[in-house]
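J.: Going left to right, the sequence shown walks through residues 1 to 469 as the UniProt record's numbering numbers them.
Dumping the structure here so I can ask a few things about it.
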Amino acid sequence: MKHLSTKIIAILFLLTAATIGILWFYQVVFLEEQYINHKISGIRREAAHIYEATGPTDEKGLEEALEAFAYRHRLSLERISPSGELISSSHTVTGPGMMRAMGRMAPRIHMSESGVQRQTVSMGMGNTRFQTELLLVSLPQLQEDQLVETLQVIIPMESVSETVGVLKTQLIQVSLLLTVFTIIIGLLLARMVVTPIHQLTDATQQITAGKLDIRVPIKSQDEIGRLTENFNEMAAQLNQVEVLRQELIANVSHELRTPLSLIQGYAETIRDLSGEQPEKRNRHAGIIIDESQRLSRIVDDILHLSQLQAGELKLEKQPVSLCKAIMHTAEAFQLLADQHHIQLEAVCENACQVMGDPRRLEQVLVNLLSNAFQHTPKGGSVRIEGKVVQNRVHISITDTGSGIPEEELEAIWERYHRSRHHMSQSFHTGSGLGLAIVKHILEGHQARFGVSSRLGEGTTFWFDMPENP
């Protein structure tokens, strides 16, 4: 069986067949016997109740109650004395002729003797003259542990057979209904289970063919619904990876093309024109060096981000003074700030001691300051501040640059994201990976971080970590 729906229906058929088989086995082996035992038990209880209710002195009431009892259950009764003599009889079903014929039969004599011996006995017998199957039950009646009389009950097996036959007919009907319901439920269940699986299979084939925007509708909250939800999340992530891959190719190609073109152009200029002019040659050589360093930074950023995302870059945590890291980073950027006429201010309270990787935390400060300079025009300012707030070291980098639109704030931490308001004319263009690297390093330190911005007024990046006094 190659199809899941066929397997589901087959399993349901097997379960139904097993259930019907058990019911039929019970019917063939136990049903008639259990029904007879149940009927005998009921007769015994009701007879005992009649004798208790009438008492030993109310002979008329006892006879009337036994007559009603025999009529109600369609049976015949005989009251036998301890000496074996007939006290009275009720021929509701069998009639006097049959009762006299039965009185000459050995089984009935045995039943009378068993009553004298205070034994409750039931026995089946047939009467060839009347072509009747009968069940004889002997019920000894005791009073103060003394045998008062024996009540012999003659039950026609015809009524028992009729009842058992009705039960068998009902069982056949139930079996047919179970079979029909099994087919209907099997088809519905197969459709419920197999349809979403077919949809998932089709969607998987479409994803394999490169159609990554495919999604499967979620129609339930069970395991299949969760599987569909996970599939859609996987498809969304694959689509995002493909978009990032395409952006990576486009951005890296663009980032590499510009410095390579400049390097090639100025190298050819030095070769052809400015080789004999030291001033021009040195300026052109400086541009080649700057662009080479920019290429190196792009490669380093890609390598660092790949290591961080793969979990291969381990953090070597130790006590770190973020105040010293702030001052050291600000000092490194001061010359750049002077060249671009940007006011750089570094403020720090206390030592701002934390537990972390000093090299990676300094890389965070460098990337955030570099990002601030990229978005700050000449005459603007950049402020980096460290302070302790409620046992947490809080670091913020604020610029007076172009700001970031509110709809872009969530995306700025993604790789190769570029704001439409990028101030590239004020500073060298980055790789587009700096903030993504910051995000992964801070997440590795379990630090809280965020950004706030007003378009046209500036941006503040911040992060905080538990203080390590």
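Even glycine gets a Cβ: it sits at the ideal position worked out from N, Cα and C.
Computed from a prediction, not measured in an experiment: that's the story for all the values here.
Is it the case that the Cβ atoms of CYS323 and ASN367 are separated by a distance below 8 Å?
T.: Within the sequence shown, residue 323 is the residue found at index 323, counting from 1. Within the sequence shown, residue 367 is the residue found at index 367, counting from 1. Contact flag unset, no.
J.: Leaving aside the five residues before and after THR459 along the sequence, list all residues of the same chain whose C-beta is less than 8 Å from its C-beta, in chain order.
T.: Against the sequence shown, residue 459 aligns to sequence position 459. The residues are ALA372, HIS375, THR398, ASP399, GLY401, GLY403, ILE404, VAL451, SER452 and SER453.
J.: Where do the ends of the beta strand (DSSP E) carrying LEU77 lie?
T.: Within the sequence shown, the letter at position 77 stands for residue 77. Looking at the DSSP string, the run of the beta strand (DSSP E) that includes LEU77 is 76-80.
J.: So, for PRO319: in the same chain, excluding its five sequence neighbours on each side, which residues have a beta-carbon less than 7 Å away from its beta-carbon?
T.: Within the sequence shown, the letter at position 319 stands for residue 319. Correct list, in chain order: GLN353, MET355 and ASN468.
J.: Using beta-carbon positions only, say whether HIS445 and MET465 come within less than 8 Å of one another.
T.: Position 445 of the sequence shown, counted from the start, is the residue given in the question as residue 445. Position 465 of the sequence shown, counted from the start, is the residue given in the question as residue 465. In this structure, MET465 lies closer than 8 Å to HIS445 by Cβ.
J.: Considering only residues of the same chain and omitting the five flanking positions on each side of GLN206, which have a CB-CB separation below 8 Å?
T.: One-based indexing of the sequence shown puts residue 206 at position 206. Cβ neighbours of GLN206 beyond the five flanking positions: ILE214.
J.: Less than 8 Å between the C-beta atoms of ILE36 and LEU135, yes or no?
T.: Counting from one through the sequence shown, the residue named residue 36 turns up at place 36. Counting from one through the sequence shown, the residue named residue 135 turns up at place 135. Yes.
J.: Starting from GLY61 and walking both ways along the alpha helix (DSSP H), at which residues does that stretch end?
T.: As a first step, residue 61 is located in the sequence shown; it is residue number 61 there, counting from the start. Its alpha helix (DSSP H) spans residues 59-73.
J.: Using the C-alpha atoms, what's the distance from LYS211 back to residue 471?
T.: The chain is shown only over 1 to 469; residue 471 falls outside these bounds and no answer can be derived.
J.: In the DSSP output, which residue or residues are listed as bridge partners for residue 470?
T.: The question about residue 470 has no answer, for the chain in this structure spans 1 to 469.
J.: Please classify SER296: is it buried, with 16 or more other beta-carbons within 10 angstroms of its beta-carbon, or exposed?
T.: By one-based count along the sequence shown, residue 296 stands at place 296. Classification for SER296: exposed.
J.: What are the boundary residues of the beta strand (DSSP E) that includes ARG454?
T.: Counting from one through the sequence shown, the residue named residue 454 turns up at place 454. From DSSP, the beta strand (DSSP E) with ARG454 extends over 448-454.
J.: Starting from GLU149, trace the beta strand (DSSP E) both ways and give me its first and last residue.
T.: Taking the sequence shown and counting its residues from 1, the one referred to as residue 149 is at position 149. Where GLU149 is concerned, the enclosing beta strand (DSSP E) stretches over 146-156.
J.: Tell me whether ILE11 is buried or exposed, calling it buried when 16 or more other Cβ atoms sit within 10 Å of its Cβ.
T.: For the purposes of this step, residue 11 is taken as the residue at position 11 of the sequence shown. When all chains shown are included, ILE11 counts as exposed.
J.: Label VAL153 either buried or exposed according to how many other C-beta atoms from any shown protein chain fall within 10 Å of its C-beta, with 16 as the threshold for buried.
T.: Translated into the one-based positions of the sequence shown, residue 153 becomes position 153. VAL153 comes out buried.
J.: Return the residue from the list HIS341, LEU14, SER220 and TRP24 that minimises the CA-CA distance to GLY379.
T.: Your numbering for residue 379 matches position 379 in the sequence shown. Per the Cα distances, HIS341.
J.: Count the other CB atoms, across all protein chains shown, that sit within 10 Å of the CB of ALA235; report buried if there are 16 or more and exposed otherwise.
T.: Numbered from its first residue, the sequence shown carries residue 235 at position 235. Counting Cβ neighbours within 10 Å, ALA235 comes out buried, since at least 16 surround it.
J.: Going by alpha carbons, who is nearest to ARG226 out of ASN239, THR208 and LEU200?
T.: As a working note, residue 226 is residue 226 in the sequence shown. Of ASN239, THR208 and LEU200, the residue nearest in Cα terms is LEU200.
J.: Output the distance between the C-alpha atoms of ARG108 and GLU59, rounded to the nearest integer angstrom.
T.: For the purposes of this step, residue 108 is identified with residue 108 of the sequence shown, where counting begins at 1. For the purposes of this step, residue 59 is identified with residue 59 of the sequence shown, where counting begins at 1. In this prediction, ARG108 has a pLDDT of 47, which is less than 50 and means its spatial position is unreliable; nothing more can be read from the coordinates.
J.: Can you list, in chain order, the residues of its chain whose CB lies under 6 Å from that of ILE224, leaving out five sequence neighbours each side?
T.: Numbered from its first residue, the sequence shown carries residue 224 at position 224. So the qualifying residues of the chain are PRO196.
J.: Checking 8 Å against the spacing of the C-beta atoms, do VAL364 and VAL299 come in under that value?
T.: What you label residue 364 is simply residue 364 of the sequence shown in a count that begins at 1. What you label residue 299 is simply residue 299 of the sequence shown in a count that begins at 1. In this structure, VAL299 does not lie closer than 8 Å to VAL364 by Cβ.
J.: Runs of 4 residues minimum, wholly inside the region 211-249: which ones carry the alpha helix (DSSP H) assignment?
T.: None, since the region 211-249 contains no complete alpha helix (DSSP H) of that length.
J.: To the nearest angstrom, report how far apart GLN143 and LEU77 are at their CA atoms.
T.: In the sequence shown, counting from the first residue as 1, residue 143 sits at position 143. In the sequence shown, counting from the first residue as 1, residue 77 sits at position 77. Their backbone Cα atoms lie some 20 Å apart in a straight line.
J.: Looking only at C-alpha atoms, which of PRO82, ILE218, PHE461 and LEU151 sits nearest to GLU233?
T.: For the purposes of this step, residue 233 is taken as the residue at position 233 of the sequence shown. Among PRO82, ILE218, PHE461 and LEU151, the Cα nearest to that of GLU233 is on ILE218.
J.: Can you list the alpha helix (DSSP H) stretches of 4 or more residues lying completely in the region 20-44, in chain order?
T.: Listed in chain order, nothing qualifies, since the region 20-44 has no complete alpha helix (DSSP H) run of 4 or more residues.
J.: On the DSSP letters alone, give me the boundaries of the beta strand (DSSP E) that LEU86 sits inside.
T.: Taking the first residue of the sequence shown as position 1, residue 86 is located at position 86. Per DSSP, LEU86 belongs to the beta strand (DSSP E) from 86-90.
J.: Roughly how many whole angstroms lie between the Cα atoms of GLY434 and ASN282?
T.: Reading the sequence shown from its first residue, position 434 is the one you call residue 434. Reading the sequence shown from its first residue, position 282 is the one you call residue 282. Distance between the alpha carbons of GLY434 and ASN282 is about 30 Å.
J.: Whose C-beta lies closer than 6 Å to the C-beta of LYS385 among residues of the same chain, with five residues either side of it excluded?
T.: Here the question's residue 385 lines up with position 385 in the sequence shown. The amino acid occupying residue 385 in the given sequence is Glu; Lys does not appear at that position. Only VAL347 and SER396 meet the Cβ criterion.
J.: Taking GLU362 and ALA325 to be in contact with their CB atoms under 8 Å, please state how far apart those CB atoms are, rounded to whole angstroms.
T.: For this step, residue 362 is matched to residue 362 along the sequence shown. For this step, residue 325 is matched to residue 325 along the sequence shown. Rounded, the Cβ-Cβ distance is 5 Å, consistent with contact.
J.: Out of LEU75, ARG74, HIS73 and ALA47, point me to the one whose CA is closest to LEU62's CA.
T.: Position 62 of the sequence shown, counted from the first residue, corresponds to residue 62. Ranking LEU75, ARG74, HIS73 and ALA47 by Cα distance to LEU62 puts ALA47 first.
J.: Sorted by chain position, which residues of the same chain lie with C-beta nearer than 7 Å to residue 470's C-beta, five sequence neighbours on each side aside?
T.: Given a span of 1 to 469 for the chain in the structure shown, any question on residue 470 remains unanswerable.
J.: Quick check on THR459: does DSSP put it in helix, strand or coil?
T.: In the sequence shown, residue 459 corresponds to position 459, counting from 1. In this structure, THR459 counts as strand in the three-state DSSP scheme.
J.: For GLN390, count the other beta carbons within 10 Å of its own beta carbon; 16 or more makes it buried, fewer makes it exposed. Which is it?
T.: In the sequence shown, residue 390 corresponds to position 390, counting from 1. Exposed.
J.: Return the bridge partner residues of SER321 from the DSSP annotation.
T.: As a first step, residue 321 is located in the sequence shown; it is residue number 321 there, counting from the start. DSSP, once it has assigned bridges, lists GLN353 as partnering SER321.
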